[in-house]
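See below for the structure under consideration.
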Amino acid sequence: MGKYIGKRLIYMVITLALIATFTFFLMNVLPGSPIASADKLTPDQRAVVEARYGLDKPLPVQYFDYMFGLVQGDLGISINQFKGADVTDVILSRMGPSAQIGFQGMLIGTVLGILLGMVAALRQNTWMDYTSTFIAIVGISIPSFVFASLLQYWFGLKWELFPVALWKDGFMSSVLPSIALAMFPLATAARFIRTEMIEVLGSDYITLAKAKGASGSEIAFKHAFRNALIPLITVLGPMAVSILTGSLVVEQIFAIPGIGEQFVKSIMVSDFSIIMGTTIFFSVFLIVIILLVDILYGVIDPRIRLSGGKS
Amino acid sequence: MKNSKIFWLLSLVLVLSAFLAACGGGDNADTGTETTDEKEGTETAGDLDSVQELNLMESAEIPTMDSAIAEDTVAFNILNNVNEGLFRLDQENIAIPALAEGEPEVSEDGLTYTFKLRDANWSDGTPVTAEDFVFSWQRAIDPATGSPYGPYMMSGTILNATAISEGSMDKAELGVKAIDEKTLEVKLERPVPYFMSLMAFGTFYPQNEAFVTEKGDAYASNSDNLLFNGPFTLTDWDGTGLTWKMQKNPEYWDAETVKLETINVDVVKEPATSVNLYNSGEKDQAILSGEFALQYGDNEEVVTDLEPTVFYLKFNQEREGAATALKNVNIRKAIATAFNKQDLADVVLANGSLPANFLVPTEFTFDESKKDFREVNGDMLEFNAEEAKKLWAKGLEEEGLTEVTLELLGGDTETAKNMDAYLKDQLETNLEGLTVNLKAVPFAVRLELDEAQDYDIQTSGWGPDYQDPMTFIDLFVTGSSHNLMSYSNEEFDKLVESAKAELAQDPAARWEAMAKAEKILLEDDAAIAPIYQRGEKALQKPYVNGIIKHPFGGEYSYKWASISGKE
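Quick note, the sequences are listed as chains A and B, same order. First residue of the first sequence: 29, per this note's numbering; consecutive thereafter. First residue of the second sequence: 2, per this note's numbering; consecutive thereafter.
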């Protein structure tokens with residue numbers, strides 16, 4: 029196990045270096061200058077401003093400078109969005125709210141989704157099944173910006189149950205955005221659990237368990253549910269990464285100071301160091317989650333071995 | 002039926018969440034009632050409320066509060082309210098002395114200005130001195146600072162600014178000197194008739210050297226690392242966040258004019274959200290964009306402002322080294338007059354914009370008798386489909402063409418796309434044999450294509466950087482970086498040059514020269530085709546008084562704003 033994780037860690041570093049390299053060179057073929065008022069300056073003056081941010085050096089030199097800084101944990105400074113601010117500080121200050129609503133959204137989404145899916149599977153072809161399937165379809169097909177806008181209008185403005193927007197009232201501010209984010213994992217979890225459980229419930233070992241006299245709940249939870257979890261974890265892992273690292277749409281609608289918007293905005297305005305910073309941040313997160321998911325497989329299903337040879 | 006437990010759990014969760022939701026309603030319900038009271042509030046502007054608090058929204062974060070580095074509207078807007086330069090735009094948008102004590106002494110040749118400073122303090126109690134101006138101006142032009150607006154605002158105006166910005170001269174040579182603690186001498190490269198309005202611009206604000214040096218890299222990184230000398234101080238800004246406050250500055254020299262105690266600002270980027278926050282009573286003003294301008298068009302709380310930003314079509318006469326059909330003046334004139342600008346402004350844009358038959362906007366610049374520059378030339382290149390058809394036929398004949406295909410390069414925002422689609426339809430309907438292909442790209446891409454002169458027609462816009470017609474007119478002199486469309490007219494160039502040089506001290510003749518230049522550009526040459534002057538609609542609560550909107554520099558002044566009738 030230890031050897032396996034060690035090996036995976038080495039791969040992770042290599043993957044990360046490759047991602048950073050690709051992003052760096054791709055970003056440099058983006059049209060436009062990171063200097064916002066570049067069109068107002070003479071070429072000489074523009075060169076002077078670019079030199080201030082090290083953009084005058086040849087690309088390979090810039091690349092090695094960046095990678096050298098990265099190894100030491102230095103992500104550089106923002107060029108135009110937060111002039112001169114440390115990219116690490118920008119990410120750290122923006123990460124909290126995104127992670128909070130993301131975590132709450134994942135929690136609500138997966139718990140309710142699993143419940144819905146189980147109900148649907150155990151009461152197949154009844155009104156409960158149909159309701160659950162309907163909710164899952166709605167959750168998958170309504171885009172989050174529509175759902176978030178509706179929540180804001182009704183629960184915020186009309187019924188005044190929650191703040192309309194802004195990150196000012198602690199937990200209360202996080203409720204509507206969390207629900208908006210919860211819809212997708214909820215629908216996904218419900219669909220996966222239902223399908224898997226129906227399949228598992230029809231298999232031979234369930235019949236055997238029944239014959240042995242196991243109770244209904246024992247069968248549902250100990251046998252069926254546990255087996256249905258495997259495919260769910262496969263999709264939920266990466267989904268958790270994208271939800272925890274923020275959503276452009278939900279953050280903008282609820283005016284939340286999250287990191288989600290920066291993934292898009294930094295590219296639009298060619299804020300190079302922010303593009304690199306957010307990409308690396310996201311990649312690290314994703315790679316770590318994938319590793320955790322792989323380890324979890326083994327915990328949930330002993331048949332899945334992580335490494336070859338003796339187990 | 003053990004599974005029924007699950008249902009119990011589910012119902013419990015639902016009941017619990019409903020309960021939580023009801024609890025949360027408490028605070029907001031109060032705000033709701035307040036909203037109704039507000040609307041019934043009596044409008045007696047004279048009686049100020051005891052709570053002088055204004056709640057506003059911004060559309061973007063503050064990129065920096067360092068006046069030497071700032072280059073965006075949000076920063077310049079806040080700088081205009083928390084700091085102050087030698088001059089300030091007043092309620093009528095006229096530059097009046099602010100930190101300067103009265104008008105400056107100007108030398109005979111118009112090249113040397115001597116300002117006397119009034120007694121004013123920084124927010125930490127230290128006095129604002131002439132040295133503070135010298136320091137901040139030198140800092141803004143110093144290549145090591147990497148400021149884009151320093152070189153942009155000072156080059157060709159302040160003595161030696163160009164050479165310093167390009168790194169060939171020391172910053173100490175800049176034409177600004179502290180004669181004594183309260184006397185500032187500024188030397189110019191050429192007489193600048195609009196110099197006073199320039200002194201109201203953020204880049205020319207003072208900075209306290211001791212404070213800036215002590216803070217080093219941390220200077221202006223959050224509200225604790227800033228000093229203020231304006232009507233308000235900035236507080237609660239962490240440097241990257243979406244929220245900040247402005248509080249009345251007791252050290253401000255004119256503090257008794259300032260009525261507002263607190264301004265709460267939040268960044269809200271989603272237009273629908275800002276309207277919802279306005280309607281919930283949490284915010285006192287909301288800019289209406291796109292469809293919201295239409296939806297709220299006749300709401301009684303809507304205020305419409307005309308901005309001095311003009312949009313126009315640029316005609317590229319030479320693409321990839323070869324002359325285009327747009328080289329022909331009749332073809333240009335035909336296109337410029339073949340689309341209905343009134344309908345475009347009223348129906349497509351519907352945000353209070355005006356159809357533009359001019360380059361220099363209305364309600365922007367005035368001569369000494371306060372007469373609008375617009376009154377000199379009146380309208381040019383008005384919509385006239387019949388005339389356009391004749392010019393089109395004539396142009397085609399001269400070029401020996403029967404049909405023309407042109408590419409219209411435009412922005413990728415919703416507004417830009419709608420406008421370009423309308424233009425395509427109008428032009429193709431009114432001009433037989435014309436095919437317009439639309440190309441919508443992001444701003445950065447458009448700039449690249451513009452620099453490469455790789456387009457036929459381009460929708461473009463310009464907002465002023467100082468209060469003078471020249472900020473628009475000199476865009477189109479031969480070789481200007483905004484004139485990458487091979488337009489060149491010797492007479493136009495000469496008029497612009499004379500307005501900048503020998504006529505600089507003769508306001509009437511200079512005004513005349515600029516008007517003549519505008520006439521050549523539009524009426525004679527149709528080098529560009531004006532489309533519209535931008536308007537802006539906003540919802541504003543009736544209890545808010547005295548917010549002043551400015552045509553350039555900081556967008557708003559809250560110095561004279563107050564709340565009355567909210568309670």
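Note that CB positions come from ideal geometry on N, CA and C, so glycine has one too.
Hey, how far is the Cα of E283 (chain B) from the Cα of M515 (chain B)? 47 Å
Could you tell me the alpha carbon to alpha carbon distance between I302 (chain A) and Q290 (chain A), rounded to whole angstroms? 8 Å
Residue interval of the alpha helix (DSSP H) (run including Y153 (chain B)): Y150 to M155
Assigned secondary structure, I549 (chain B) (DSSP; H/G/I helix, E/B strand, else coil): strand
Under the assumption that V266 (chain B) contacts T244 (chain B) (Cβ atoms under 8 Å), give the Cβ distance between them as a whole number of angstroms. 7 Å
Can you give me the Cβ contacts of S354 (chain B) inside the same chain, cut-off strictly under 6 Å, excluding the 5 residues immediately before and after it? A346, Y533, R535 and G536
Please check the pair F553 (chain B) and Y467 (chain B), which I expect to be a contact at CB under 8 Å, by giving their CB distance rounded to whole angstroms. 7 Å
Secondary structure at R331 (chain A), three-state DSSP: helix, strand or coil? coil
Nearest-angstrom Cα distance between F175 (chain A) and L118 (chain B)? 57 Å
Per-residue burial, K111 (chain A) [other beta carbons within 10 Å of its own, 16 or more giving buried]: buried
Answer yes or no: does any C-beta atom of chain B fall closer than 7 Å to that of Q290 (chain A)? no
Under a Cβ-count criterion, where at least 16 other Cβ atoms within 10 Å of its own Cβ denotes burial, should I63 (chain A) be classed as buried or exposed? buried
Beta-carbon proximity of E72 (chain B) to S65 (chain A), cut-off 7 Å: yes
If you count every other CB in all the chains shown that lies within 10 Å of the CB of R511 (chain B), and 16 or more means buried, which is it? buried
Just the chain A side, please: which residues come within less than 7 Å of G168 (chain B) by C-beta, in chain order? V76
Any Cβ of chain A within less than 7 Å of the Cβ of A539 (chain B)? no
Three-state class that DSSP yields for W561 (chain B) in the structure shown: coil
CB of I458 (chain B) within 7 Å of CB of L407 (chain B), strictly: yes
For chain A, check one thing: does any of its Cβ atoms lie closer than 7 Å to the Cβ of D267 (chain B)? yes
Is the shortest distance between the beta-carbon of K270 (chain B) and the beta-carbons of chain A less than 7 Å? yes
Mind checking if S60 (chain B) is an interface residue toward chain A, Cβ cutoff 7 Å exclusive? no
Going by the DSSP bridge assignment, what does R89 (chain B) pair with across the sheet? B:I97
Can you look up D373 (chain B) in the DSSP assignment and give me helix, strand or coil? strand
For V348 (chain B) versus N419 (chain B), is the C-beta spacing smaller than 7 Å? no
Have a look at B:K178, B:P144 and B:A145 and flag the residue whose alpha-carbon is nearest the alpha-carbon of I159 (chain B). B:K178
For M95 (chain A), write down the residues that DSSP places opposite it in a beta bridge. DSSP, once it has assigned bridges, lists no residue as partnering M95 (chain A).
Let me check one thing: in DSSP terms, what residues is M247 (chain B) bridge-paired to? B:L235 and B:I264
Please state the DSSP three-state secondary structure of D299 (chain A). coil
DSSP beta-bridge partners of A539 (chain B): B:I288 and B:V304
Does L448 (chain B) have its Cβ less than 7 Å from a Cβ in chain A? yes
Exposure of A30 (chain B), with buried meaning 16 or more beta-carbon neighbours within 10 Å: With a pLDDT of only 35 at A30 (chain B), under 50, the local geometry of the prediction cannot be trusted, and no value is derived from it.
Can a CB atom of chain B be found closer than 7 Å to the CB of K338 (chain A)? Confidence at K338 (chain A) is low in this model, with a pLDDT of 46, below 50, so the placement of that residue should be treated as unreliable; the coordinate-derived value is given next. With 7 Å as the cut-off, K338 (chain A) does not count as an interface residue toward chain B.
Chain B contacts from the segment 80 to 98 of chain A (Cβ-Cβ distance under 8 Å): R80 and Y81
Quick check on I302 (chain A) - is its C-beta less than 7 Å from some C-beta in chain B? no
Run through the DSSP bridge pairs and tell me what R320 (chain B) is partnered with. B:A323
With distance defined between alpha-carbon atoms, name the residue in A:P259, A:G265, A:P125 and A:L143 nearest to S201 (chain A). A:P125
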